[in-house]
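Quick note on numbering: the sequence shown equals residues 1 to 177 in the UniProt record's numbering. In this text, a Cβ means the ideal position worked out from N, Cα and C, and glycines have one as well. A quick write-up on the structure given underneath.
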Amino acid sequence: MYGRCNGNALPTARDYARRYPFRRPPDVNFIRRLVDRLRNTGSVWPSANLHDTGRLQSGLMVVQADAILYRVEETPEVSTRALARETTSSQSTVYRLFRPEKLYPFRYTTVQGLKPDDYQKRVAFCVWLLQQHITDNGFIGLILWTDEGTASGMEDNATHYALNSNANGKVQACYSD
């Protein structure tokens, strides 16, 4: 039909509407896109991962998608917000790129590692605690223990705190680095 109309999309749409009056006629732009796809790929069917524009289904150009995936491979702790900003796209577009690659965003969390001198500090704290227990038999039962997991902003200098409430009602704080 397109060939009979001398390669013109508008007469093709009109001819289709005249021949098939009970069907919805195709839009002129649809016919143009179909012809472009046929010329570029040799098929009227869309390819699996690319639209006619050369963009992935995530909305990114192939070069942008490769750059994002390379950046994630090099620095896995990079945020999706930073990736979106660098490629001038949205975070949801970055998420859509990650999904088929089986990549999932996560929050990079630093944790405290043990240092060589930590062992001596912990032993000293345990010795002190045992001495306090020997001096006052109920000492350990009066301690309110907390852990650094609930303390914020102390990732590098985590300290073990203990509060002791003695018989006089005074609260005594002790800690171990």
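Quiz prompt | Rounded C-alpha distance that separates tyrosine 95 from isoleucine 143 | solution = Cα to Cα, tyrosine 95 sits roughly 47 Å from isoleucine 143.
Quiz item: Looking at C-alpha atoms only, which residue of Met1, Phe30, Asn6 and Val111 is the closest neighbour of arginine 18?
Solution: Among Met1, Phe30, Asn6 and Val111, the Cα nearest to that of arginine 18 belongs to Met1.
Quiz item: By Cβ distance below 8 Å, which residues in the same chain neighbour valine 78 in space, the five residues on each side in sequence not counted?
Solution: If you ignore the 5 residues before and after valine 78, its C-beta comes within less than 8 Å of the C-beta of Arg71 and Val72, all in its own chain and listed in chain order.
Quiz item: tryptophan 128 lies in the alpha helix (DSSP H); which residues open and close that run?
Solution: Residues 118 to 135.
Quiz prompt | Coil, strand or helix - leucine 144 by DSSP | solution = The answer is strand: DSSP assigns leucine 144 an E or B state.
Quiz item: Based on the DSSP secondary-structure assignment, which residues constitute the bridge partners of methionine 1?
Solution: DSSP, once it has assigned bridges, lists no residue as partnering methionine 1.
Practice problem: Could you tell me the distance, in whole angstroms, from the CA atom of arginine 37 to the CA atom of serine 43? | Solution: Whole-angstrom Cα-Cα distance: 7 Å.
Quiz item: Does the Cβ-Cβ distance between alanine 9 and asparagine 29 come in under 9 Å?
Solution: Cβ atoms of alanine 9 and asparagine 29: closer than 9 Å.
Quiz item: Any idea if isoleucine 134 is buried or exposed, counting beta-carbon neighbours within 10 angstroms, 16 or more meaning buried?
Solution: With fewer than 16 neighbouring CB atoms inside 10 Å of its own CB, isoleucine 134 falls in the exposed class.
Quiz prompt | Contact under 9 Å by Cβ, serine 92 with glutamine 64 | solution = Against a cut-off of 9 Å, the Cβ pair of glutamine 64 and serine 92 comes out as no contact.
Quiz item: By how many angstroms is the C-alpha of leucine 34 removed from the C-alpha of leucine 69?
Solution: Near 31 Å, if we compare the C-alpha coordinates of leucine 34 and leucine 69.
Quiz item: Tell me which same chain residues have a C-beta within less than 7 Å of the C-beta of tyrosine 16, skipping the five on either side of it?
Solution: Excluding positions up to five away in sequence, the list reads Met1, Pro25 and Pro26.
Quiz item: Which whole runs of the alpha helix (DSSP H) in the UniProt domain "DUF4817" (1 to 44) are 4 residues long or more, in chain order?
Solution: The qualifying runs are 9 to 19 and 28 to 41.
Quiz item: Should alanine 13 go down as buried or exposed, given a rule of 16 or more other Cβ atoms within 10 Å for buried?
Solution: With 16 or more other Cβ atoms within 10 Å, it is buried.
Quiz item: Going by beta carbon distance, what residues of the same chain come within less than 6 Å of isoleucine 140, once the five residues before and after it are set aside?
Solution: Excluding residues up to 5 positions away in sequence, His133 lie with their Cβ nearer than 6 Å to the Cβ of isoleucine 140 in the same chain.
Self-check item: Residue of Phe106, Ala67 and Cys5 minimising C-alpha distance to isoleucine 31
Solution: Residue nearest to isoleucine 31 within the set Phe106, Ala67 and Cys5 is Cys5 (criterion: CA-CA distance).
Exercise. With DSSP as the reference, label glutamate 155 as helix, strand or coil.
Key: Annotation note: pLDDT 48 at glutamate 155 (below 50); position unreliable, coordinate value reported separately. Three-state result, glutamate 155: coil.
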